[in-house]
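The structure under discussion appears below in the form of structure tokens.
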Amino acid sequence: MSDSKDLEGTEEHPFSTSSFLKDVFMCSLVAFGGPEAHLGVFLDRLVVKKNYLSEKALMEWMAICSFLPGPTSTQVITGIGLERGGRSLALLTLVVWALPMILLMGCLSFIPQVFGSSNSFPVWLEFLVPMAAGFVAWAAWQIGRKVVTDKLSVALWAQGFAVVLMSGSPLGIPLILLSGGILGIVLGDSQKFEPNDNLEGNSFPWGIFILFVGITSTCWIAMQFSPDSLILLFERFYRYGYLVFGGGQVVVPVMQGELVDQTGLLTAEEFLSGFGLVQALPGPMFSFAAFAGGLSENQGTVTRQALGALLGGFAIFLPGTLLLFCVHPIWEKFRSLEWVPKALAGLNATAGGLIGGALVVILLGIDQSMPTYVFFLL
Numbered sequence: 129m130s131d132s133k134d135l136e137g138t139e140e141h142p143f144s145t146s147s148f149l150k151d152v153f154m155c156s157l158v159a160f161g162g163p164e165a166h167l168g169v170f171l172d173r174l175v176v177k178k179n180y181l182s183e184k185a186l187m188e189w190m191a192i193c194s195f196l197p198g199p200t201s202t203q204v205i206t207g208i209g210l211e212r213g214g215r216s217l218a219l220l221t222l223v224v225w226a227l228p229m230i231l232l233m234g235c236l237s238f239i240p241q242v243f244g245s246s247n248s249f250p251v252w253l254e255f256l257v258p259m260a261a262g263f264v265a266w267a268a269w270q271i272g273r274k275v276v277t278d279k280l281s282v283a284l285w286a287q288g289f290a291v292v293l294m295s296g297s298p299l300g301i302p303l304i305l306l307s308g309g310i311l312g313i314v315l316g317d318s319q320k321f322e323p324n325d326n327l328e329g330n331s332f333p334w335g336i337f338i339l340f341v342g343i344t345s346t347c348w349i350a351m352q353f354s355p356d357s358l359i360l361l362f363e364r365f366y367r368y369g370y371l372v373f374g375g376g377q378v379v380v381p382v383m384q385g386e387l388v389d390q391t392g393l394l395t396a397e398e399f400l401s402g403f404g405l406v407q408a409l410p411g412p413m414f415s416f417a418a419f420a421g422g423l424s425e426n427q428g429t430v431t432r433q434a435l436g437a438l439l440g441g442f443a444i445f446l447p448g449t450l451l452l453f454c455v456h457p458i459w460e461k462f463r464s465l466e467w468v469p470k471a472l473a474g475l476n477a478t479a480g481g482l483i484g485g486a487l488v489v490i491l492l493g494i495d496q497s498m499p500t501y502v503f504f505l506l
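As structure tokens, then:
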């Protein structure tokens, strides 16, 4: 998916797996906010500073992963690892990106009483939101100037911008991206196709697809016959991972509906404490599953609670990763079709508008004070 020229990995600048994973880890330490802010971090470190892929390729990954269920930004950075080094590097990328926050949120599930509620965090945490907004603003500018090139792309950018401000539906983002792609096909100019030499092959990975279906079926069957809470926990979080579109902002309310309102595994206060924590800390918002999984097992032993945290974190990231592995090998075939680059141009322009709209939403929700503006500019 990346452009084949001017990327790290040439003879002059050989690709280093250890350096790449170090950069992924550094991204995980500063990736505050949601997928839009994470995209800004990826753009800054992986594209501009290290040149692992082009801006165009990053936007392409963002567009494709927006159509997959699961954690969008996690799938994007896992996809970059998949393209640069195959499935083994993709899995290492996923671990380096997600595991630190899974472990941290799992540990925090043991001490919710320290925080009491989502309103009792240290004051300095309030300034992490404007810092995330700064990443979003930079990404909106950098990407916007690349994808907005003609009247059609201006209109599609405005369409994406408007839907973020006007639509409260989780389906709004995939639908508006789909419409952007269709309009790009119908009204757009021809786009140059740049082949990718990094793919392992173009055949559909039936083994991975069968594994995905098998785990899904086994979870459903086990849920019907086993009363063990850990099995039920794994099924819940695995289901969240393959049914929820829209990233962490969508999956957390879905969890609240089942874990708090329906089953009572967590109290509203406990849930809000964890939600406040995951918003204030860097990394993927789906790592909230480790906090919720651990806390839902806090009536058992310490070992059982630790297993609940690890299973929750593992289960929620698993299906999205398997689906990404299924999509990637056949993507080059679709890219070579004449209409696909035109669709991607429409998708990218629309996605640029989504990032711009997300910036406005974030800015409207933060405290309008001088310290806030200082952290935003940082």
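Per this note's numbering, residue 129 is the first one in the sequence shown, and the count goes up by one each step.
All residues carry an ideal CB built from backbone N, CA and C; glycine is no exception.
Rounded separation between residue i and residue j - CA only
i    : j    : result
L371 : I444 : 10 Å
P142 : K150 : 15 Å
L232 : G308 : 39 Å
E211 : I271 : 21 Å
V282 : A417 : 38 Å
M383 : L394 : 10 Å
V152 : S216 : 15 Å
L306 : P410 : 30 Å
D389 : A477 : 39 Å
S147 : M351 : 42 Å
S144 : Y180 : 10 Å
P349 : L236 : Checking the displayed sequence, the identity of residue 349 turns out to be Ile instead of Pro. Computed Cα separation, rounded: 32 Å.
F238 : T344 : 29 Å
Q241 : L439 : With a pLDDT of 48 at Q241, under the threshold of 50, the modelled position of that residue is not reliable, and the figure given next carries that caveat. Rounded to the nearest angstrom, the two C-alpha atoms are 23 Å apart.
Nearest to residue i (by Cα), restricted to the options the options
i    : options                   : result
C155 : T221, A471 and I313       : T221
L167 : T202, G312 and S354       : T202
L487 : A290, L472 and L438       : A290
C347 : W269, G441, R364 and Q427 : R364
A420 : Q407, L387 and V468       : L387
G474 : G428, I349 and W285       : W285
L491 : F238, C193, S147 and L293 : L293
I192 : F462, G484 and G485       : F462
R273 : C454, D356 and G481       : G481
G312 : L472, I483, G485 and G484 : L472
S415 : Y368, G484 and G385       : Y368
I304 : S331, G316, F195 and A268 : F195
Beta-carbon separation (whole angstroms), residue i vs residue j, contact threshold 8 Å
i    : j    : result
M190 : V176 : With a Cβ gap of about 16 Å, M190 and V176 do not count as contacting.
P333 : P228 : P333 to P228, Cβ: 28 Å. No contact.
G198 : G448 : 2 Å
V276 : M187 : 12 Å between Cβ atoms; not a contact.
L423 : E397 : Not confirmed; about 11 Å, so no contact.
Legend entry - Runs of alpha helix (DSSP H) wholly within the stretch 141-210 (minimum 4 residues, chain order): 145-158, 163-170 and 183-194
Legend entry - Whole runs of the alpha helix (DSSP H) within the stretch 406-493, excluding any shorter than 4 residues: 416-424, 430-463 and 467-492
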